[in-house]
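Trainee:
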Amino acid sequence: MSAAVAENLRVECRAEYTYPQRPVAVWLDERRIEVAEVLREWRSPEGRAFEVLLDDGRQLRLVYREDVHSWSVQG
Numbered sequence: 028m029s030a031a032v033a034e035n036l037r038v039e040c041r042a043e044y045t046y047p048q049r050p051v052a053v054w055l056d057e058r059r060i061e062v063a064e065v066l067r068e069w070r071s072p073e074g075r076a077f078e079v080l081l082d083d084g085r086q087l088r089l090v091y092r093e094d095v096h097s098w099s100v101q102g
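Residue numbers for the sequence shown follow my numbering, beginning at 28 and rising by one.
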């Protein structure tokens, strides 16, 4: 599965001592969808990665690309 950088993708995260912390909501096509659960988080070669379950039942893999300060989505 390849990553897609969506121009209409925004991710709201907790940002306590570093950014990003755990995602709390995702904006897709100007629609805010809350994260029901963070299923997994890890550090990938591109940056921080999170597998999340959204309130609408979709499961996404979010990757924060630290080199370009942007999010990509898979799923």
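Built from N, CA and C at the ideal position, the CB exists for glycine as well.
(1) Would you kindly work out how many angstroms separate the C-alpha atoms of Ile60 and Ala52, rounded to a whole number?
(2) Can you check whether the CB of Gln48 is closer than 8 Å to the CB of Arg41?
(3) From Leu87 to Val95, what distance separates their C-alpha atoms?
(4) In whole angstroms, what separates the C-alpha of Asp56 from that of Asp83?
(5) Straight-line CA distance for Glu78 to Leu89?
Mentor: Straight from the coordinates:
(1) Here residue 60 refers to the residue found at position 33 of the sequence shown. Here residue 52 refers to the residue found at position 25 of the sequence shown. Going from the Cα of Ile60 to the Cα of Ala52 covers about 6 Å.
(2) Counting from one through the sequence shown, the residue named residue 41 turns up at place 14. Counting from one through the sequence shown, the residue named residue 48 turns up at place 21. A contact, by the Cβ cut-off of 8 Å.
(3) Within the sequence shown, the letter at position 60 stands for residue 87. Within the sequence shown, the letter at position 68 stands for residue 95. Their Cα atoms are separated by approximately 20 Å.
(4) Within the sequence shown, numbered from 1, the residue matching residue 56 stands at position 29. Within the sequence shown, numbered from 1, the residue matching residue 83 stands at position 56. Going by the C-alpha atoms only, they are around 14 Å apart.
(5) In the sequence shown, residue 78 corresponds to position 51, counting from 1. In the sequence shown, residue 89 corresponds to position 62, counting from 1. Their backbone Cα atoms lie some 6 Å apart in a straight line.
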